[in-house]
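Q:
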Amino acid sequence: MTATLPASGRTRIHRAWWVAAVTMGALVAAAGFRSSTGALLEPLEAEFGWSRATTSGAVSLNLVVYGLTAPFAAALMERFGIRRVVTASLALVALGSGLTLVMTSPWQLWLLWGFAVGIGTGSLALVFGAIVANRWFVRHRGLVIGIFSAASSTGQLVFLPAIAQLADGPGWRWAAGLVTLFALLLVPLVWWVLRDQPTDVGTTPYGAPPDWQPLPLKAVRRSAAWVALDALREASRSRAFWILFVTFWICGWSTNGLIGTHFIPAAHDHGMPATTSASLLALIGIFDIAGTVASGWLTDRVDSRYLLFGYYFLRGLSLLVVPWLLGPHVHPSLFLFILFYGLDWVATVPPTVTLCRVHFGIERSGVVFGWVFASHMVGAGVAASYAGWIRTWQGDYFAAWMTAGGLCLLAALLCLAIPRRGPAGVADQRA
37 MTATLPASGR TRIHRAWWVA AVTMGALVAA AGFRSSTGAL LEPLEAEFGW SRATTSGAVS
97 LNLVVYGLTA PFAAALMERF GIRRVVTASL ALVALGSGLT LVMTSPWQLW LLWGFAVGIG
157 TGSLALVFGA IVANRWFVRH RGLVIGIFSA ASSTGQLVFL PAIAQLADGP GWRWAAGLVT
217 LFALLLVPLV WWVLRDQPTD VGTTPYGAPP DWQPLPLKAV RRSAAWVALD ALREASRSRA
277 FWILFVTFWI CGWSTNGLIG THFIPAAHDH GMPATTSASL LALIGIFDIA GTVASGWLTD
337 RVDSRYLLFG YYFLRGLSLL VVPWLLGPHV HPSLFLFILF YGLDWVATVP PTVTLCRVHF
397 GIERSGVVFG WVFASHMVGA GVAASYAGWI RTWQGDYFAA WMTAGGLCLL AALLCLAIPR
457 RGPAGVADQR A
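Per this note's numbering: the sequence shown = residues 37 to 467.
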């Protein structure tokens with residue numbers, strides 16, 4: 037069912053696209069909320085006299101909580117419904133950001149940034165988008181997942197300039213207030229438009245065949261923690277799960293952990309001004325939007341295992357040459373690296389989500405992808421510390437670049453070992 041033709045002859049937009057639009061808005065907002073912390077570090081240190089260890093520690097806690105929340109949030113969505121969980125998560129983000137306006141102690145920063153904003157944004161991570169896409173779309177499912185994945189970069193592009201400008205001008209409280217206000221504005225919109233599944237509004241997923249039957253979504257009476265841990269226990273018996281878990285861990289290592297955290301200081305070691313390297317990171321975000329949407333389109337048409345092989349293989353080769361590309365100026369070769377890396381930044385998400393659905397079924401795939409996504413953020417955290425230690429010990433990032441490149445090449449080979457199809461009865465990944 038793609039559209040209906042009422043008596044007036046006007047074509048009605050399928051409800052799935054309205055749900056997708058609101059989901060995109062929530063994902064963009066969550067990405068903006070999470071990335072706002074980086075722009076507020078120095079203003080907080082200047083006002084309260086806190087050390088960089090204190091403020092960055094709150095950000096590190098935020099990242100870890102953000103990643104580990106995903107599988108449990110997926111289980112909560114299975115039990116209480118997507119709409120309730122997303123609405124509560126936005127309210128929690130608003131509460132956590134709003135209370136920073138009156139905080140006075142470091143422990144309050146860790147509690148609000150680390151736990152409240154971490155849990156709230158973690159519940160609005162890519163797992164949320166994957167569940168919506170799986171339930172509301174049959175046709176163009178991979179493309180929709182790609183669009184949702186690009187929301188991470190879009191959120192940073194939309195919010196970071198405004199947040200940085202407010203923090204540098206009127207003050208960091210204005211920036212935190214912007215986050216609070218936007219989250220509150222999304223709460224009624226999400227509650228009004230979002231639904232747990234198409235049958236709640238008397239329709240079917242976009243592109244569903246005539247014989248489509250709704251998912252047997254049973255009332256889950258077990259705790260969300262039990263559901264999440266039980267899904268991990270069952271998935272851990274599968275070779276496909278461990279390959280996806282390890283490769284996504286490497287994905288986080290080579291993106292958020294290394295490039296996202298250390299690209300600016302690494303470029304500065306080669307004489308590049310911080311403003312220039314920061315602009316290059318912004319370009320990565322812009323190119324990422326196109327790359328991830330294109331990856332979603334390809335996921336609908338190409339074997340996801342081969343896509344992941346290509347993404348990791350090319351990413352590994354590009355990381356191995358970074359030390360020879362960095363310098364005081366932006367040469368064409370460095371710009372080509374930025375272009376390619378941006379296109380590849382989170383292109384791994386759509387095929388990874390698809391493989392989770394193929395091997396673990398549409399009902400379990402959200403929680404299973406939550407665990408895979410958690411590995412991504414843990415890998416990012418380990419890489420951030422490892423690269424910092426390498427820089428302190430050896431005086432440069434050369435070994436960090438080589439390690440990341442080698443790990444990506446390993447991930448490429450592992451992807452070819454993923455079984456072609458899931459258990460009997462599970463649809464082909466390109467469906």
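Cβ coordinates follow ideal geometry from the N, Cα and C atoms, glycine included.
Quick one, which of T140, I167, F116, G346 has its alpha-carbon nearest L63's?
A: If you number the sequence shown from 1, residue 63 lands on position 27. L63 has its Cα closest to that of I167, out of T140, I167, F116, G346.
Q: In angstroms, rounded to a whole number, what distance separates the CA positions of V385 and A109?
A: Here residue 385 is taken as the residue at index 349 of the sequence shown, counted from 1. Here residue 109 is taken as the residue at index 73 of the sequence shown, counted from 1. The alpha-carbon atoms of V385 and A109 are separated by roughly 18 Å.
Q: So is L334 buried or exposed if we call it buried at 16+ other beta carbons inside 10 Å?
A: Within the sequence shown, the letter at position 298 stands for residue 334. The residue is buried, with at least 16 neighbouring Cβ atoms inside 10 Å.
Q: Does the segment 174 to 183 come close enough to the segment 116 to 128 that 3 or more CB-CB pairs lie under 8 Å?
A: The segment 116 to 128 is not in contact with the segment 174 to 183.
Q: What is the DSSP secondary structure of G45, counted as helix, strand or coil?
A: Taking the first residue of the sequence shown as 1, we reach residue 45 at position 9. Here the model assigns G45 a pLDDT of 46, short of 50, so the residue's position is not dependable and the matter cannot be decided.
Q: Skipping 5 residues on each side, what residues in its chain have a beta carbon closer than 7 Å to that of L450?
A: Position 414 of the sequence shown, counted from the first residue, corresponds to residue 450. Around L450: I279, V282, T283.
Q: Have a look at L316, A264, G117, G442 and flag the residue whose alpha-carbon is nearest the alpha-carbon of A303.
A: In the sequence shown, the residue the question calls residue 303 occupies position 267. Ranking L316, A264, G117, G442 by Cα distance to A303 puts L316 first.
Q: Under the rule that 16 or more other beta-carbon atoms within 10 Å means buried, what is L230, buried or exposed?
A: In the sequence shown, the residue the question calls residue 230 occupies position 194. Result: buried.
Q: Beta carbon of V215, beta carbon of F69: below 8 Å?
A: Indexing the sequence shown from 1 puts residue 215 at position 179. Indexing the sequence shown from 1 puts residue 69 at position 33. Cβ atoms of V215 and F69: closer than 8 Å.
Q: Can you tell me whether A169 is buried or exposed? The criterion is at least 16 other CB atoms within 10 Å of its CB, across all chains shown.
A: By 1-based counting over the sequence shown, the position of residue 169 is 133. It is buried - the Cβ of A169 has at least 16 other Cβ atoms within 10 Å.
Q: If you measure between the beta carbons of G191 and G103, is that distance less than 8 Å?
A: In the sequence shown, residue 191 corresponds to position 155, counting from 1. In the sequence shown, residue 103 corresponds to position 67, counting from 1. No, the pair does not count as a contact, with Cβ atoms beyond the cut-off.
Q: Name the two residues that bound the continuous alpha helix (DSSP H) containing Q144.
A: Here the question's residue 144 lines up with position 108 in the sequence shown. Looking at the DSSP string, the run of the alpha helix (DSSP H) that includes Q144 is 142 to 145.
Q: Please check the pair W149 and V95, which I expect to be a contact at CB under 8 Å, by giving their CB distance rounded to whole angstroms.
A: Within the sequence shown, numbered from 1, the residue matching residue 149 stands at position 113. Within the sequence shown, numbered from 1, the residue matching residue 95 stands at position 59. About 7 Å separates the two Cβ atoms, so the contact holds.
Q: Could you check the C-alpha separation between Y347 and T390 for me, to the nearest Å?
A: By one-based count along the sequence shown, residue 347 stands at place 311. By one-based count along the sequence shown, residue 390 stands at place 354. Rounded to whole angstroms, Y347 to T390 spans 15 Å at the Cα level.
Q: So W285 and D324 are supposed to be a Cβ contact under 8 Å. How far apart are they, rounded?
A: Mapped onto the sequence shown, residue 285 falls at position 249. Mapped onto the sequence shown, residue 324 falls at position 288. Not quite, the Cβ-Cβ distance comes to about 20 Å (not below 8 Å), so this is no contact.
Q: Measuring alpha carbon to alpha carbon, tell me which residue in R400, Y422, L452, T91 is nearest F349.
A: Position 313 of the sequence shown, counted from the start, is the residue given in the question as residue 349. The candidate whose alpha carbon is nearest that of F349 is L452.
Q: May I have the straight-line CA-CA distance separating A448 from F345, to the nearest angstrom?
A: Along the sequence shown, read from residue 1 onward, the residue named residue 448 stands at position 412. Along the sequence shown, read from residue 1 onward, the residue named residue 345 stands at position 309. The alpha-carbon atoms of A448 and F345 are separated by roughly 4 Å.
Q: Rounded C-beta distance between L362 and H306? I'm assuming under 8 Å.
A: Within the sequence shown, the letter at position 326 stands for residue 362. Within the sequence shown, the letter at position 270 stands for residue 306. Indeed, because the Cβ distance is near 4 Å, the residues count as touching under 8 Å.
Q: Helix, strand or coil: how does DSSP classify Y422 here?
A: Your numbering for residue 422 matches position 386 in the sequence shown. Note: Y422 maps to helix in three-state DSSP.
Q: Mapping the DSSP letters down to three states, classify Y242 as helix, strand or coil.
A: Within the sequence shown, residue 242 is the residue found at index 206, counting from 1. Here Y242 sits in strand by DSSP.
Q: Name the residue from I374, H395, T388, V418 whose alpha carbon lies nearest to the alpha carbon of F409.
A: Residue 409 sits at position 373 when you count from the first residue of the sequence shown. That would be T388, whose Cα lies nearest to the Cα of F409.
Q: Secondary structure at L372, three-state DSSP: helix, strand or coil?
A: On the sequence shown, position 336 is the one that residue 372 refers to. Helix, per DSSP.
Q: Run the CB neighbour count on Q201, radius 10 Å, all protein chains shown included, and call it buried at 16 or more, exposed below.
A: Along the sequence shown, one-based indexing puts residue 201 at 165. It is exposed - the Cβ of Q201 has fewer than 16 other Cβ atoms within 10 Å.
Q: Could you pull the start and end residues of the alpha helix (DSSP H) that M308 belongs to?
A: Along the sequence shown, read from residue 1 onward, the residue named residue 308 stands at position 272. That residue, M308, is in no alpha helix (DSSP H); it is neither H nor E in DSSP.
Q: Beta carbon of D336, beta carbon of H176: below 8 Å?
A: In the sequence shown, the residue the question calls residue 336 occupies position 300. In the sequence shown, the residue the question calls residue 176 occupies position 140. Their beta carbons are under 8 Å apart, which means D336 touches H176 by this criterion.
Q: Among T140, V121, L137, which has the Cα closest to the Cα of G156?
A: As a first step, residue 156 must be located in the sequence shown, where it is residue number 120. When each option's Cα is compared against that of G156, the closest is V121.
Q: Using CA coordinates, which residue listed in W86, V366, A271, P142 is at the minimum distance from E399?
A: Here the question's residue 399 lines up with position 363 in the sequence shown. Among W86, V366, A271, P142, the Cα nearest to that of E399 is on A271.
Q: Look at C287 and L355 and say whether their C-beta atoms are less than 8 Å apart.
A: Along the sequence shown, read from residue 1 onward, the residue named residue 287 stands at position 251. Along the sequence shown, read from residue 1 onward, the residue named residue 355 stands at position 319. In this structure, L355 does not lie closer than 8 Å to C287 by Cβ.
Q: Runs of 4 residues minimum, wholly inside the segment 341 to 395: which ones carry the alpha helix (DSSP H) assignment?
A: DSSP runs (the alpha helix (DSSP H)) wholly in the segment 341 to 395: 358 to 361, 368 to 380.
Q: Pull up the distance between the alpha-carbon of A318 and that of D247, whole angstroms please.
A: By 1-based counting over the sequence shown, the position of residue 318 is 282. By 1-based counting over the sequence shown, the position of residue 247 is 211. About 46 Å.
Q: With a Cβ-Cβ cutoff of 8 Å, do A211 and A219 count as a contact?
A: Looking up residue 211 in the sequence shown gives position 175. Looking up residue 219 in the sequence shown gives position 183. No, the Cβ-Cβ distance between A211 and A219 is not below 8 Å.
Q: I'd like the span of the alpha helix (DSSP H) that includes N292, first residue to last.
A: One-based indexing of the sequence shown puts residue 292 at position 256. Counting along the chain, N292 falls outside any alpha helix (DSSP H), and DSSP gives it neither H nor E.
Q: Thinking C-beta only, is A436 closer than 8 Å to N23?
A: Residue coverage of the chain in this structure runs from 37 to 467, which leaves residue 23 outside it and unanswerable.
Q: What does the alpha-carbon distance come out to for the pair S290 and A65?
A: Your numbering for residue 290 matches position 254 in the sequence shown. Your numbering for residue 65 matches position 29 in the sequence shown. Each residue's Cα considered, the two are about 24 Å apart.
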